[in-house]
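Residue numbers (the working numbering): 39 to 231.
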């Protein structure tokens with residue numbers, strides 16, 4: 039009776055969560071159920087910690103530099119953990135996956151602003167932008183199809199100066215989103231396609 043009751047209770051909880059989160063995502067019901075099942079298979083207690091996230095992320099990039107993997111994974115975790123409580127809940131996971139997989143450019147840029155704001159001060163500097171893009175470039179498996187680090191740095195330098203018309207060296211969220219959305223060069227190298 040214990041196993042059956044446990045499964046019944048789990049299904050009831052999943053339906054309850056789906057009714058709350060499902061309508062706020064871009065997923066059809068069956069897609070949201072799929073992502074929920076994946077989440078609960080890997081995170082039975084429903085709380086994905088930063089260390090677990092970093093370890094899981096690292097499994098996708100076997101040949102990449104350990105430091106790059108961990109640094110980028112920690113930034114991505116920060117973007118997933120919207121309420122900054124130290125773990126990713128199912129709701130946060132579904133919302134982030136929905137944005138990344140099905141969101142429009144504006145939604146993806148709003149999400150990526152968090153990723154690029156390395157120190158969490160609500161601003162993105164040229165160094166922040168270059169740092170994240172270099173980390174992402176380091177993780178790419180097909181290096182021949184991309185840009186070299188020097189080419190990336192040159193693109194960021196040129197495009198950042200065009201976006202930062204006032205020359206403050208830092209972009210707020212709105213300025214970041216507006217500027218990057220108008221820069222085909224930056225959109226082409228951003229990790230949000």
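Quick reminder that beta carbons are idealized off the backbone N, C-alpha and C, glycines included.
When only Cα atoms are considered, residue 152 and residue 126 end up about 15 Å apart.
Look at residue 156 here: in three-state DSSP terms it is coil, with no helix or strand label.
In this model, residue 155 and residue 128 are separated by some 23 Å (Cα to Cα).
The three-state reading of DSSP puts residue 125 in strand, counting E and B together. Contact between the segment 92-107 and the segment 169-180 is present: 3 or more CB-CB pairs across the two stretches fall below 8 Å. The segment 88-98 makes no contact with the segment 162-169, as fewer than three CB pairs between them are under 8 Å. Per the C-alpha coordinates, the member of 75, 159 and 170 positioned closest to residue 113 is 170.
Considering only 111, 86, 88 and 87, the residue with the shortest C-alpha distance to residue 98 is 111.
Spanning the alpha carbons of residue 69 and residue 199 requires a straight line of approximately 41 Å. In the three-state reduction of the DSSP assignment, residue 162 falls in the strand class, which pools E and B. Within the DSSP secondary-structure output, residue 86 pairs in a beta bridge with 126. In the DSSP assignment, residue 221 falls outside any alpha helix (DSSP H) and carries neither an H nor an E. Contact between residue 147 and residue 218 holds: their C-beta atoms lie close to 6 Å from each other, under 8 Å.
With a cutoff of 8 Å on beta-carbon distance, residue 150 and residue 74 are scored as not near each other. Residue 130 is not a Cβ neighbour of residue 142, given a cutoff of 8 Å. Under DSSP, the beta-bridge partners assigned to residue 209 are 162. C-alpha of residue 209 to C-alpha of residue 157: approximately 13 Å in a straight line. Pairing residue 63 with residue 138 gives a Cβ-Cβ distance that is not under 8 Å.
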